[in-house]
Structure formats: structure tokens, C-alpha cells
């Protein structure tokens, strides 16, 4: 499980501070799939970074009883001067994973061909996203983070990604942040709505969306 206990996140601004998340408390069990909604600036991406360990909260406690991925298809942490292969090796060392069985999977799944052994700095954004998704699937996690729509490449490749994550790993937990209602309805069974730093959780998606549409402008 992953549990947030009275988590508050504040950022300094001119003349004081801004509270983005205000005493958030919730729990995610193994296999549970929850989507988060909120207007721009409501704190959705901040919440994902906190859950993933990318930031520490101003106050409160986060307990991670299962492994958590980086945001799926996020390639911002790649070292541009290293090849795709070398970036994979580095990430495996960071997570303490063996490399030998990961290379053929990532090379085949990413469909980068000879570019897999070229510097990532020469990749297009789509190529980086394909490499990032492939590595995300090669390094297994109990809980996967999806920040905004997971569109990787063309329709065929996107379907391939859906099969790998949503079907083959259907037993894993998912935390999804998206403005796209269809994506959350197709992947999640619970909904969290952020309004003025407060999280409202719903087990009924229709009830959650009704609440969201009524409070989205707040």
C-alpha cells in the first residue's frame, strides 16, 4: 500500500507561501487504480511527484509499502550524451536490477533500431518517449504513475503500450493524472478531485465527475 498522512505541500512566493496541498490523507492498496482530477495548478502533478519520491512534503508523512515508478514515458532524466543503451544500464544500476535480460526487451519494444546505440540527445521527442516507456516496462514496479495522457508514437505503438501496461500488468496499482475523461474511465475504479488543496475521494466515477464539474472553477 501507499499511504499519505496529513501531507501538506507549500511553495515560497513573493510575500509568503502558497499552499498547493493541504493536509492530504489517503491510502492506495495493491492493485487499486485511482485517477486524479483538478484544474490547472490544483496540485495534481505535485501529488504525483510526492508519491513517486521526486519531492518531499512540507509536512506530513508518506509511507510506501510497494515500489513506485517514475511517471510513465517521462524521459526528462535521460543523460543526452549517453546512448539509449547506456541510459538503460545506468537506470538498472540505480534500481539494483540486472541488465542482461533488459537489453533485448527494451531494444525490441522501443523499435529504435540502430538509434538505441546513439546518444539520446539526437532523439526526437517521440523516440525518447518510446525509450522511456520501454525502460519503464523493463524495470518492474508495484505501482505505476501516469501524469497526463500516455500517447507514445502512432496508434499501433500506443496500442502496444496499452497491452503491455494495462493487460499484462493488470494486477498492478495505477495512479493516473489526466484531463481526459475517457482515459480515467477506461483505466480507473476510483477518483480523487483536488479543490483548493483539499482532496475529495470517490468510489463512484460518475459522482466524482459530477463533483469535479461543479467545482472545477474554484
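Numbering (my numbering), first residue to last: 2 to 219. Ideal placement from N, C-alpha and C gives every residue a C-beta, glycine not left out.
Would you call residue i buried or exposed, if buried means 16 or more other Cβ atoms sit within 10 Å of its Cβ?
i: residue 191; result: buried
i: residue 1; result: With the chain running from 2 to 219 in the structure shown, residue 1 is simply not present.
i: residue 131; result: buried
i: residue 47; result: buried
i: residue 194; result: buried
i: residue 70; result: buried
i: residue 16; result: exposed
i: residue 160; result: exposed
i: residue 137; result: buried
i: residue 43; result: buried
i: residue 1; result: This structure gives no information on residue 1, because the portion of the chain shown stretches from 2 to 219.
i: residue 111; result: buried
i: residue 39; result: buried
i: residue 53; result: buried
Between which residues of its own chain and residue i is the CB-CB distance below 8 Å, once the five residues before and five after are set aside?
i: residue 32; result: 172, 173 and 174
i: residue 51; result: 5, 8, 10, 22, 57, 58 and 63
i: residue 212; result: 194, 201 and 203
i: residue 189; result: 34, 35, 36, 175, 177 and 206
Under 7 Å Cβ to Cβ from residue i, same chain only, skipping five residues before and after it: list those, please.
i: residue 49; result: 72, 146, 148, 176 and 178
i: residue 209; result: 192, 194 and 203
Does DSSP put residue i in a helix, in a strand, or in coil?
i: residue 209; result: helix
i: residue 148; result: strand
i: residue 190; result: coil
i: residue 2; result: coil
i: residue 143; result: coil
i: residue 183; result: helix
i: residue 161; result: helix
i: residue 50; result: helix
i: residue 215; result: helix
i: residue 202; result: strand
i: residue 170; result: coil
i: residue 15; result: coil
What does a CB cutoff of less than 6 Å around residue i pick up in its chain, not counting 5 residues either side in sequence?
i: residue 94; result: none
i: residue 139; result: 103, 106 and 107
i: residue 144; result: 67, 69 and 174
i: residue 25; result: 5, 8 and 200
Check: If you scan the stretch 53-135 from start to end, which runs of the alpha helix (DSSP H) of 4 or more residues do you find wholly inside it?
Finding: Correct list: 85-95 and 103-111.
Next item on the list: Pair every Cβ in the stretch 9-23 with every Cβ in the stretch 53-69, then say whether three or more of these pairs are closer than 8 Å.
Entry: yes
Next item on the list: Answer yes if the stretch 197-217 comes into contact with the stretch 158-168, meaning at least three C-beta pairs across the two stretches below 8 Å, and no otherwise.
Entry: No: the two stretches stay apart, fewer than three of their Cβ pairs being nearer than 8 Å.
Next item on the list: Please determine if the stretch 80-99 and the stretch 32-48 are in contact, where contact requires at least 3 C-beta pairs separated by less than 8 Å.
Entry: no
Checklist line | Segments assigned beta strand (DSSP E), at least 3 residues, entirely inside the stretch 21-48 | finding: Within the stretch 21-48, the beta strand (DSSP E) runs of at least 3 residues that lie entirely inside it are, in chain order, 34-38.
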